[in-house]
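So the protein lines, in turn, are chains X and F.
Going by the working numbering, the first sequence opens with residue 746, and the numbers climb by one from there.
Going by the working numbering, the second sequence opens with residue 746, and the numbers climb by one from there.
Just so you know, even glycine gets a beta-carbon here, dropped at the ideal spot from N, CA and C.
Protein chains: 2
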Amino acid sequence: MRVILIIGDGMADRPIKELGGKTPLQVTSTPSMDEVARTGVNGVMDSIAPGIPPGSDTAHLTILGYDPYKIYEGRGAFEALGAGLKVKPGDVAFRGNFATVDDSLTVLDRRAGRIREGAEELAEALNGLKLDPFPEVQVILKNTVEHRCAVIFRGPHLSRMVSDTDPHESDHKINEAKPLDDSSEALRTSSIVNFFTRNSRMILEKHPMNAERRSKGLLPANAILLRGAGVIPEVRPITDIYGIKALVVAGGALYKGVCNSVGMDSINVPGATGNYATDSEAKAKSAVENLPKYDFILVHIKGTDSASHDSDLGKKIMMIEKVDKLVGHLLKNTDPDEVFIAITSDHTTSTDSGEHTGDPVPVSIKGPNVRVDSVQSYSETDCAQGGLGRIRGSDLMPILMDLVGKSIMFGE
Amino acid sequence: MRVILIIGDGMADRPIKELGGKTPLQVTSTPSMDEVARTGVNGVMDSIAPGIPPGSDTAHLTILGYDPYKIYEGRGAFEALGAGLKVKPGDVAFRGNFATVDDSLTVLDRRAGRIREGAEELAEALNGLKLDPFPEVQVILKNTVEHRCAVIFRGPHLSRMVSDTDPHESDHKINEAKPLDDSSEALRTSSIVNFFTRNSRMILEKHPMNAERRSKGLLPANAILLRGAGVIPEVRPITDIYGIKALVVAGGALYKGVCNSVGMDSINVPGATGNYATDSEAKAKSAVENLPKYDFILVHIKGTDSASHDSDLGKKIMMIEKVDKLVGHLLKNTDPDEVFIAITSDHTTSTDSGEHTGDPVPVSIKGPNVRVDSVQSYSETDCAQGGLGRIRGSDLMPILMDLVGKSIMFGE
Chain X
746 MRVILIIGDG MADRPIKELG GKTPLQVTST PSMDEVARTG VNGVMDSIAP GIPPGSDTAH
806 LTILGYDPYK IYEGRGAFEA LGAGLKVKPG DVAFRGNFAT VDDSLTVLDR RAGRIREGAE
866 ELAEALNGLK LDPFPEVQVI LKNTVEHRCA VIFRGPHLSR MVSDTDPHES DHKINEAKPL
926 DDSSEALRTS SIVNFFTRNS RMILEKHPMN AERRSKGLLP ANAILLRGAG VIPEVRPITD
986 IYGIKALVVA GGALYKGVCN SVGMDSINVP GATGNYATDS EAKAKSAVEN LPKYDFILVH
1046 IKGTDSASHD SDLGKKIMMI EKVDKLVGHL LKNTDPDEVF IAITSDHTTS TDSGEHTGDP
1106 VPVSIKGPNV RVDSVQSYSE TDCAQGGLGR IRGSDLMPIL MDLVGKSIMF GE
Chain F
746 MRVILIIGDG MADRPIKELG GKTPLQVTST PSMDEVARTG VNGVMDSIAP GIPPGSDTAH
806 LTILGYDPYK IYEGRGAFEA LGAGLKVKPG DVAFRGNFAT VDDSLTVLDR RAGRIREGAE
866 ELAEALNGLK LDPFPEVQVI LKNTVEHRCA VIFRGPHLSR MVSDTDPHES DHKINEAKPL
926 DDSSEALRTS SIVNFFTRNS RMILEKHPMN AERRSKGLLP ANAILLRGAG VIPEVRPITD
986 IYGIKALVVA GGALYKGVCN SVGMDSINVP GATGNYATDS EAKAKSAVEN LPKYDFILVH
1046 IKGTDSASHD SDLGKKIMMI EKVDKLVGHL LKNTDPDEVF IAITSDHTTS TDSGEHTGDP
1106 VPVSIKGPNV RVDSVQSYSE TDCAQGGLGR IRGSDLMPIL MDLVGKSIMF GE
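This is how it looks when you write it as C-alpha cells:
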C-alpha cells in the first residue's frame, strides 16, 4: 500500500467578508477533495502548535515528522538543495537575488527588473569567486528562476548566525551582514559575506551582460542580496525511519530541498513551475507514473499560498480548483484498495492579511480501512468535526505510515 | 485589534444530580455568553493537562502562556505581588494569617476572629522586624484583607523549600517549618521562619491592640501562620513576547500578582472585591474604559469558584449570572470589528465535592474572522463540539495573539 499526500500550500484560510464569512475552501466547488473527505477520516492539524504561524520550511519539516524546534537551522540550505546544489554539513547557504543598486549601494530594484535572460551567465561569473582575504572559502552560486539564486559558502568555521544583506525593500542600502551571536564563527562569516557583497558587485558592474542590458534600457543586475542563512540539518532520513522510498513532486525549490534533506527523491515535472501557471495535471500524472516505484509521494502546489500573499481572492479560488482537479486525476487513476490519498495544507494563509496565520489546517485521509466519519466536504470547519480531532503536524507521517503498515510498535 | 479575556474562576463544573445531571452553566440563563459561543469558535481546554486539577496560580500562568512545570515556584510570591509589595528575585514570600493561639502555641482560631480593625497596625508592628541571629534578613509584612497578610523574607541564601507553619486547622499547634530538601538554604530558611514565629508572637502578644481586643471580648491576633512559600519566577514578560500592553482587572490579590509577575498592569476597581458581592459591572466598565490603552485585558471573577468551594449551588448560579451580565456589558460597549471577546475558566471546580477537578473547561472566542462553528451555547458539553477541539491552557495566548496579528512566525 502507498500514500499520496497533496499539500496545497497556504490553501486553508480565515473566513472572508466578501465570501459572506466563508473561507475560499468553503465556497469553491471541490468535488474531488469533498470525495476524499466524505469517504475518509478528517481532522484539523496544527503544523507546529496552536496559534503559531509556521514558515514554509518549518511546516514541511514537521509534516514530514521532524521537530523543527530541534533541527531547524534556517531556510537557505533547503533552497540551495532544491536548486540542485550539493549542500554539505558546515556549508552556510543563502537565498539570493540579483538586484539593481546605485553607486551608494542603495537598492533601486530588488529583482533587477525580474531579469531572466543572462542571469545564468552572470551567476557563472560569480560561481567559484575567490575572496582574497579568505582563500579557504569556496563560493558556489547558481541561478534558479528569474532573478533568484542560491549561494553557498563552503569552508571551515562558518556560522549561519549572520543577518541578511537584503534590506527587503527598495530605496534602502544593502545591509552589512552582522553576527547574530557572540561566536568567532559568526563574526568571521559576517566579514566573508560583506566581502562577497563588495567583490560580487564589482564583477557584476563590469560584466558585458550588464552593459548589454543598459544599452537595451534594462536595469543592470549589479548586486547580489542575501537572506535566510541556513545550514543543512543532519537527521535520520525518512526513508530509513520507515523503510520506504519517497518522492516529492513540486515546482518550488524550497519544497524539493526540504524533502531532499530528509532523504526523499525529487523529479522535475515539465510545467510544474511553482507559480499560478503550474500544470497541476502534469504533477498528478507524474505522481501516478511514479507510484510503482515509491511508497510515499508528496505533491506540492504553491499557487494557493501565493494567491493569499497577493490578497488575490480570484486567484486563490482558481488555484483551489486546480488542486481539486489534481486530486480528481489521482482518484481516477489510482487503485482505491492500494493507495491512500491525503490532503492538507502546510499552514493557513489569510487572503485578508496576506500573511501566514496560526489557525489549524484541514486534513482528510482516504484509503482502505480508515475510520470513515460523517464529514461531507473538505474545509476548515467541516474537517474540524472529523474523527481525527485536532492533531499536530508531526503526527501526520506516523498516522499515514501506520495506515500503510510501515509503523514501528513501541513496546511489546 | 484587541482582546478581552473573561475568566470565570472555577465556573466550569461537573454534572449535578439536583440539576438533573446538568452543570450550572447548562441550566443557568446566560444569553450573553451564549451569543459569544454562537457567533464564535469554541472548544474545551485543559489548563495543565487532562485529568490534572490546576491550582489557581498554575492555571493562570499556563493560560498566560507559561509552562508552570518549568517556572512555578510556589504561590506566596504572587500573593505578595498582588498585595502591592515589591518582590525581588531571591525573596521568599508567604501567605500569612493573623491567628489566635494559646500559650502552648495551639491554634484556637486560624483567623483571629476574622480580625478587621487593628490588623493594619499589628502588621506595621511586625514590618521590618529584626531577627537577632539573622541580621542580614529583612522581614516585610503587609496586611491585605481581614486576617490575611503577605510576608516576605529578603536576604542572601534563602530557599522556598520549607514547609508551612500553618497547621491548616484549629486545635493543632503551630508547625515548626521544616526544610523540604537537603540544601543548606532550606535548613537556614526553616530556622529563620521558626525564629520569626516565636519573635512575632511575643510582639503581638504584648501589643496594646490585642489588650484592647481582649477587653472587648474579641480574640487576640497573637500569632502569624505562614503557608505557600514562593519565589517569583523570572520569565520573559508577556508584554515583551508579544509586543503588547496588558492589563488585569481582578479583585483577588493572587490574580493580580500572577499577572504582574508576567509584566501586566493591574488596577483597583472600586467594588471589585474578589468575593460574592463583587461589582461585576464595575469590572466590565473598567475593562471598556481601559481598552484604548491596552491590547489585552484579562477580567477575572472569583466568586464562581468560591461558590463551588462552599458547595453552594444557588450562589454558583448567581455568580454565573453575574459573569453573563459582565459579558453582556462588554458585548454592548465594544466594537465587534475591533475587539475579540473570549470566555473561559481557569479550571473546573466541582460544586458537589467542593474541589478543583481535572475536567477540561469550555472556551469561546468571538471576533473578526474567527472560524465560526455550530455551537449554540456556552457550556462544558456544547463547547466540546466546537471547532477549536481540545486545546491546552498554554495554547490560548498564542491563539488569541494570532487572531489579533501579534503572533511570531517560526521559520520562513
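Review point. Under 9 Å, do F:Ile1153 and F:Tyr987 count as touching if we go by C-beta distance?
Key: In the second sequence, residue 1153 of chain F corresponds to position 408, counting from 1. In the second sequence, residue 987 of chain F corresponds to position 242, counting from 1. In contact: F:Ile1153 and F:Tyr987 (Cβ atoms closer than 9 Å).
Check your understanding: Which stretch, first to last residue, makes up the alpha helix (DSSP H) that contains X:Ile1144?
Key -> Along the first sequence, read from residue 1 onward, the residue named residue 1144 of chain X stands at position 399. Start and end: Gly1138 to Leu1148.
Check your understanding: Around the Cβ of X:Leu855, are there at least 16 other Cβ atoms within 10 angstroms (buried) or fewer (exposed)?
Key -> Position 110 of the first sequence holds residue 855 of chain X. The sequence shown places Arg at residue 855 of chain X, not Leu. Buried: at least 16 other Cβ atoms inside 10 Å.
Point to revise | 8 Å CB neighbourhood of F:Lys1151 in its chain, flanking five on each side removed | key: Translated into positions along the second sequence, residue 1151 of chain F becomes position 406. Tyr987, Gly988, Ile989 and Asp1040, listed in sequence order.
**Study point:** Proximal residues of chain X, C-beta to C-beta of F:Val1120 below 8 Å
**Key:** Along the second sequence, one-based indexing puts residue 1120 of chain F at 375. For the C-beta of F:Val1120, not a single chain X residue is nearer than 8 Å; the gap to the nearest is close to 11 Å.
Exercise for review: May I ask you to verify whether the stretch 950-967 of chain F touches the stretch 928-936 of chain F, counting CB pairs closer than 8 Å and requiring at least 3?
Suggested key: Because the criterion of three Cβ pairs below 8 Å is not met, the stretch 950-967 of chain F and the stretch 928-936 of chain F do not touch.
Check your understanding: Out of curiosity, what's the CA-to-CA distance linking X:Arg859 and X:Arg820?
Key -> Along the first sequence, one-based indexing puts residue 859 of chain X at 114. Along the first sequence, one-based indexing puts residue 820 of chain X at 75. The straight-line gap from Cα to Cα measures roughly 22 Å.
Check your understanding: What are the residues of the stretch 1071-1101 of chain F that lie near chain X, defined by any Cβ-Cβ distance shorter than 8 Å?
Key -> Those would be none; no residue qualifies.
Practice item. Mind listing the chain F neighbours of X:Ser801? Cutoff is C-beta to C-beta under 9 Å, in chain order. Key: Here the question's residue 801 of chain X lines up with position 56 in the first sequence. Result: Gly1156 and Glu1157.
Exercise for review: Show which residues of chain X have a CB atom less than 7 Å away from the CB atom of F:Asn1114.
Suggested key: For the purposes of this step, residue 1114 of chain F is taken as the residue at position 369 of the second sequence. Per Cβ cutoff of 7 Å: Arg759, Pro760 and Asp1097.
Exercise for review: Quick one: give me the first and last residue of the beta strand (DSSP E) that F:Val994 is part of.
Suggested key: Residue numbering aside, residue 994 of chain F sits at position 249 when the second sequence is read from its first letter. Ala991 to Val994 is the extent of the beta strand (DSSP E) around F:Val994.
**Study point:** Beta carbon of X:Pro912 nearer than 9 Å to that of F:Phe1155
**Key:** Residue 912 of chain X sits at position 167 when you count from the first residue of the first sequence. Residue 1155 of chain F sits at position 410 when you count from the first residue of the second sequence. No, Cβ-Cβ distance for X:Pro912 and F:Phe1155 is not below 9 Å.
Check your understanding: Who are the neighbours of F:Ile1136 on chain X, taking C-beta pairs under 7 Å?
Key -> Translated into positions along the second sequence, residue 1136 of chain F becomes position 391. Those within 7 Å of F:Ile1136 in chain X are Pro795.
Review point. Are the C-beta atoms of F:Met756 and some chain X residue less than 9 Å apart?
Key: Taking the first residue of the second sequence as position 1, residue 756 of chain F is located at position 11. Between F:Met756 and chain X, the shortest Cβ-Cβ separation is not below 9 Å.
Exercise for review: Return the residues of the stretch 881-912 of chain F that lie within a Cβ-Cβ distance of less than 7 Å from chain X, sorted by chain order.
Suggested key: Correct list: empty, as no residue qualifies.
Check your understanding: Does DSSP put X:Asn1035 in a helix, in a strand, or in coil?
Key -> Counting from 1 along the first sequence, the entry for residue 1035 of chain X is found at position 290. In the three-state reduction of the DSSP assignment, X:Asn1035 falls in the helix class, which pools H, G and I.
Check your understanding: Would a check of beta-carbon distances place F:Leu826 closer than 9 Å to chain X?
Key -> As a position in the second sequence, residue 826 of chain F is number 81, starting the count at 1. No, F:Leu826 lies away from the interface with chain X (no Cβ there is under 9 Å from its Cβ).
Practice item. Name, please, each residue of chain X whose Cβ falls closer than 9 Å to the Cβ of F:Gly988. Key: Along the second sequence, read from residue 1 onward, the residue named residue 988 of chain F stands at position 243. Correct list: empty, because the minimum Cβ distance to chain X is about 15 Å.
Practice item. Within its chain, find whatever has a CB closer than 6 Å to the CB of F:Arg724; leave out the 5 residues flanking it on each side and keep chain order. Key: With chain F covering only 746 through 1157, there is no way to say anything about residue 724 of chain F.
**Study point:** Buried versus exposed call for F:Met947 [16 or more other C-beta atoms within 10 Å across all chains shown]
**Key:** For the purposes of this step, residue 947 of chain F is identified with residue 202 of the second sequence, where counting begins at 1. Classification of F:Met947: exposed, given that the 10 Å Cβ count is below 16.
**Study point:** Between the CA atoms of F:Ala864 and F:Asp1097 - distance to the nearest angstrom
**Key:** Walking along the second sequence from the start, residue 1097 of chain F turns up at place 352. Walking along the second sequence from the start, residue 864 of chain F turns up at place 119. Between the C-alpha atoms of F:Asp1097 and F:Ala864 there is a straight-line separation of about 35 Å.
Exercise for review: Let me know the secondary structure DSSP gives X:Ser929 once reduced to three states.
Suggested key: Numbered from its first residue, the first sequence carries residue 929 of chain X at position 184. Residue state, collapsed to three classes: helix.
Practice item. My understanding is that F:Phe843 touches F:Cys894, with C-beta atoms under 8 Å, so please give their C-beta distance in whole angstroms. Key: As a working mapping, residue 843 of chain F is identified with position 98 in the second sequence. As a working mapping, residue 894 of chain F is identified with position 149 in the second sequence. Yes, they are in contact, since the Cβ atoms of F:Phe843 and F:Cys894 sit about 7 Å apart, within 8 Å.
Point to revise | Beta carbon proximity, X:Thr1018 to chain F, threshold 9 Å | key: Mapped onto the first sequence, residue 1018 of chain X falls at position 273. Using a Cβ-Cβ cut-off of 9 Å, X:Thr1018 does not count as an interface residue toward chain F, since no Cβ of chain F sits closer than that to its own.
Check your understanding: Should F:Asp877 be labelled buried (16 or more other beta-carbon atoms within 10 Å of its own) or exposed?
Key -> Residue 877 of chain F sits at position 132 when you count from the first residue of the second sequence. Classification of F:Asp877: exposed, given that the 10 Å Cβ count is below 16.
Review point. Can the beta-carbon of F:Asp1091 be found closer than 9 Å to that of F:Ile808?
Key: Start at 1 with the first residue of the second sequence, and residue 1091 of chain F comes out as number 346. Start at 1 with the first residue of the second sequence, and residue 808 of chain F comes out as number 63. The answer is yes: Cβ separation under 9 Å.
**Study point:** Cut-off 6 Å between Cβ atoms - residues of its own chain near X:Ser945, not counting five sequence neighbours on either side
**Key:** Taking the first sequence and counting its residues from 1, the one referred to as residue 945 of chain X is at position 200. Around X:Ser945: Leu871 and Ile969.
Check your understanding: Could you give the residue range of the alpha helix (DSSP H) that holds X:Ala844?
Key -> The residue labelled residue 844 of chain X in the question sits at position 99 within the first sequence. Careful: X:Ala844 lies outside any alpha helix (DSSP H), inside the beta strand (DSSP E) at Val837 to Val846.
Review point. X:Arg820 versus chain F: which residues are under 9 Å apart at the beta carbon?
Key: Within the first sequence, numbered from 1, the residue matching residue 820 of chain X stands at position 75. Per Cβ cutoff of 9 Å: Gly1156 and Glu1157.
Practice item. Give a yes or no on contact between the stretch 992-1006 of chain F and the stretch 1105-1113 of chain F, applying the rule of three or more CB pairs nearer than 8 Å. Key: Touching, no.
Review point. Expressed to the nearest angstrom, what Euclidean distance is found between the alpha-carbon atoms of F:Asn1078 and F:Leu874?
Key: Here residue 1078 of chain F is taken as the residue at index 333 of the second sequence, counted from 1. Here residue 874 of chain F is taken as the residue at index 129 of the second sequence, counted from 1. Looking at the two C-alpha atoms, the distance is approximately 49 Å.
Exercise for review: Keeping to the same chain, check which residues put their C-beta closer than 8 Å to that of X:Gly1008; ignore five residues upstream and five downstream.
Suggested key: Reading the first sequence from its first residue, position 263 is the one you call residue 1008 of chain X. Short of 8 Å from the beta carbon of X:Gly1008, and not among the five residues preceding or following it, lie these beta carbons of its own chain, in chain order: Pro982, Ile983, Thr984, Asp985 and Ala991.
Check your understanding: Among X:Thr889, X:Val1014 and X:Met954, which one has its Cα closest to the Cα of X:Glu1034?
Key -> Looking up residue 1034 of chain X in the first sequence gives position 289. For X:Glu1034, the closest C-alpha among the options X:Thr889, X:Val1014 and X:Met954 is that of X:Val1014.
Check your understanding: In chain F, which residues lie less than 8 Å from X:Gly973 when you measure between Cβ atoms?
Key -> One-based indexing of the first sequence puts residue 973 of chain X at position 228. In chain order, Glu1157 make up the part of chain F whose C-beta sits under 8 Å from the C-beta of X:Gly973.
Point to revise | DSSP three-state assignment for X:Ser1109, whether helix, strand or coil | key: Within the first sequence, residue 1109 of chain X is the residue found at index 364, counting from 1. Here DSSP, grouped into helix, strand and coil, assigns X:Ser1109 to strand.
Point to revise | Spatially closest choice to F:Leu925 from F:Asp1104, F:Ala1087, F:Thr934 and F:Lys1070, by CA coordinates | key: Translated into positions along the second sequence, residue 925 of chain F becomes position 180. Residue F:Thr934 is the option with its Cα nearest to F:Leu925.
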